Each structure stands twice: as structure tokens, then as C-alpha cells.
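Position in the sequence shown (first residue = 1) + 73 = the working numbering.
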Amino acid sequence: MRVRVQENRHSRSDVEFIPDDAGDYRDQLLDIIQRMSSGYWPHIGVSVGWYPLIVNANEQLDALCHNYKITSLTKSNGTIQYFFRLPSYDDDELVKKCIAIVVKAQELARKTCEVCGEMGSPDKSGRFVFCETHTKKVVRRKRTSNDEVQRDN
Ligand SMILES: [Zn+2]
74 MRVRVQENRH
84 SRSDVEFIPD
94 DAGDYRDQLL
104 DIIQRMSSGY
114 WPHIGVSVGW
124 YPLIVNANEQ
134 LDALCHNYKI
144 TSLTKSNGTI
154 QYFFRLPSYD
164 DDELVKKCIA
174 IVVKAQELAR
184 KTCEVCGEMG
194 SPDKSGRFVF
204 CETHTKKVVR
214 RKRTSNDEVQ
224 RDN
């Protein structure tokens, strides 16, 4: 059964799972996708502004443990959730170093606009991180939609 899942995964090219806005990070995001387990739908769950952060974390983790796997990579509560699996947890130092890489990426995400990658800060809800420009854009969009709601009423 496991073999079949793996065959399915290979019959669909991993390239199909690269986000359309990958740009220069195409190859590195493909590497991340290829670390995701067979049988799961591989998914880059963060926005383009954070691609450099996950690519950088992946490169550092790869340098420490070449065949590490990613179990889930998403955005949650205004930061990156980067869950990984190591072939072995015998080496405490290695595990600590790997966790530190992810924590660092999470800290950087809290200061990085998820839309453009410039310096940013969490919004009031704490669920989004935007630079000044993108905060304004979002606020304006919210106002517009409120106006629309009022007009509808
Ligand atoms: Zn921005």
C-alpha cells in the first residue's frame, strides 16, 4: 500500500506543487516540497514574503541533516509553523540546533511583511504581519468592504 502511495506521488510531478509566485525560489521550494512525506498533499503554506525565511531555514536544516523531512509547513498565528522530522533523535545537540533554526525563522517572520518581505510588524489581531505599505492597503480594503456592507443594508 505504501508503495502505491509513493507511485501516485511520483505520477504527479512535485513541480506541480510549486506556488505560482515562487519566482527565484522555485528550485528551493521544490526541495522543500520533496521533503514532505509521501501520501500527504505537499503544500507551501506561507505567503511569498516569507519564502526567503523558509528557504533559508531549509538550507540550514539541510546542512545539519541532509535527509531530514518536513511534516507540515503552514502559517499559524502570524508566524511560520515548520514541523520537521529527523531520521534519529539520538543526538540532542543536533535536535536543539534544528529547533533553534525554526525558532529563528519564526522570530524573523514576526518582523517580515508576509506580502513583500520588507520589514513589518504584526497587525492588531496578531495573525498577520505587514509592512507599512501593506498595512495601509489592507486597512483600505477593509474600509471598502465595510462601506459595501453598509450600502447593502
Ligand atoms: Zn509589505
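Here a beta-carbon is modelled for each residue, glycine too, at the ideal position from N, C-alpha and C.
Just so we're clear, the structure is a prediction, and the values are computed from it rather than from any experiment.
Q) Is glutamate 80 helix, strand or coil by DSSP? A) Confidence at glutamate 80 is low in this model, with a pLDDT of 49, below 50, so its placement is unreliable and no value can be given for it.
Q. What residues in its chain sit with their C-beta under 8 Å from that of valine 88, if we drop five residues either side in the sequence?
A. Correct list, in chain order: Leu103.
Q: Ignore the nearest five residues each way along the sequence and tell me which others in asparagine 131's own chain have a CB closer than 7 Å to its CB.
A: Excluding sequence neighbours, asparagine 131 sits near Gln101, Asp104, Ile105.
Q.
Once the 5 residues before and after cysteine 184 are set aside, which same chain residues still bring their CB inside 8 Å of it?
A. The sequence as given places lysine at residue 184; cysteine does not occur at that position. Within the same chain, lysine 184 has close Cβ partners Met192, Gly193, Ser194, Val202.
Q | Buried or exposed by the 16-neighbour rule on C-beta atoms within 10 Å, applied to glutamate 187 | A | With 16 or more other Cβ atoms within 10 Å, it is buried.
Q.
If you reduce the DSSP assignment to three classes, tell me which class proline 195 lands in.
A. Strand.
Q: Consult DSSP for histidine 207 and reduce its assignment to one of helix, strand or coil.
A: Correct three-state label for histidine 207: helix.
Q. Pick from Ile127, Cys189, Tyr155, Gly118: whose alpha carbon is nearest that of threonine 206?
A. The residue with the shortest Cα to Cα distance from threonine 206 is Cys189.
Q: Indicate, with yes or no, if ligand 1 has a heavy atom lying under 7 Å from the CB of phenylalanine 203.
A: The answer is yes for phenylalanine 203.
Q.
Give me the DSSP bridge partner(s) of isoleucine 153.
A. Lys148.
Q) Looking only at C-alpha atoms, which of Arg158, Ala178, Asp163 sits nearest to serine 110? A) Ranking the options by Cα distance to serine 110, first place goes to Arg158.
Q | Inter-residue spacing [alpha-carbon to alpha-carbon] between isoleucine 153 and aspartate 196 | A | Approximately 15 Å between the Cα atoms of the pair.
Q. How is the alpha helix (DSSP H) around tyrosine 124 delimited, first residue to last?
A. Unbroken alpha helix (DSSP H) run through tyrosine 124: 124-137.
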